[in-house]
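Chemist: Residue 53 in our numbering sits at position 62 of the sequence shown; the count goes up by one each step and never skips.
The following block contains the structure, expressed as structure tokens.
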Amino acid sequence: MSYTIVSDVCEAKADCIPVCPVDCIKWAEDGSSKKKNTKGTDYTYIENDTCIDCGACLAACPVEGAILDEWKPEMQKV
Ligand code: SF4
Ligand code: SF4
């Protein structure tokens, strides 16, 4: 399983990145530049093969609904 970052809800606060114990939250990038979501902000995604479902990212994220405690690949762009 894996948690999910809802790409178009994420506001690029990045509070999630340092708390992940397995370093599986990454910036969505296109070459050397960061991609933008529909809000016009950078966004992150979770590498679902590595995520261990610990919940630390969800606890740290200040944006309501940006992280889901289940795997919904259709909500998460990379
Ligand atoms: S998921 Fe939450 S904490 Fe992580 S970058 Fe997006 S808004 Fe920030
Ligand atoms: S649930 Fe835990 S392991 Fe998975 S992305 Fe969030 S912090 Fe990382």
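For glycine and all other residues, C-beta sits at the position ideal for the given N, C-alpha and C.
As the structure is a prediction and not an experimental result, all values here were calculated from the model.
Could you tell me the alpha carbon to alpha carbon distance between I16 and Y36, rounded to whole angstroms?
Modeler: To locate residue 16, count along the sequence shown from 1; it is residue 25. To locate residue 36, count along the sequence shown from 1; it is residue 45. Each residue's alpha carbon lies about 6 angstroms from the other.
Chemist: For W18, collect the residues of the same chain with a Cβ closer than 7 angstroms to its Cβ; drop the 5 residues on either side in sequence, then sort them by chain order.
Modeler: Numbered from 1 along the sequence shown, position 27 holds the residue referred to as residue 18. Answer for W18: K25, D33 and T35, listed in chain order.
Chemist: My assumption, with CB atoms under 8 angstroms, is that W62 sits in contact with N28. Please give the rounded CB distance.
Modeler: Here residue 62 corresponds to residue number 71 of the sequence shown, with the count starting at 1. Here residue 28 corresponds to residue number 37 of the sequence shown, with the count starting at 1. Not really, about 19 angstroms apart at Cβ, beyond 8 angstroms.
Chemist: Nearest-angstrom Cα distance between C52 and A3?
Modeler: Numbered from its first residue, the sequence shown carries residue 52 at position 61. Numbered from its first residue, the sequence shown carries residue 3 at position 12. Answer to the nearest angstrom: the Cα atoms are 10 angstroms apart.
Chemist: Distance check for E20 and A47, CA to CA, integer angstroms please.
Modeler: Numbered from its first residue, the sequence shown carries residue 47 at position 56. Numbered from its first residue, the sequence shown carries residue 20 at position 29. Each residue's Cα considered, the two are about 23 angstroms apart.
Chemist: Under 8 angstroms between the Cβ atoms of A57 and C1?
Modeler: Residue 57 sits at position 66 when you count from the first residue of the sequence shown. Residue 1 sits at position 10 when you count from the first residue of the sequence shown. The answer is yes: Cβ separation under 8 angstroms.
Chemist: Measure the alpha-carbon distance for C45 versus I8 and round it to whole angstroms.
Modeler: Your numbering for residue 45 matches position 54 in the sequence shown. Your numbering for residue 8 matches position 17 in the sequence shown. Approximately 13 angstroms between the Cα atoms of the pair.
Chemist: Between P9 and ligand 2, is the CB less than 7 angstroms from at least one heavy atom?
Modeler: By 1-based counting over the sequence shown, the position of residue 9 is 18. No; taking the cut-off as 7 angstroms, the Cβ of P9 has no heavy atom of ligand 2 nearer than that.
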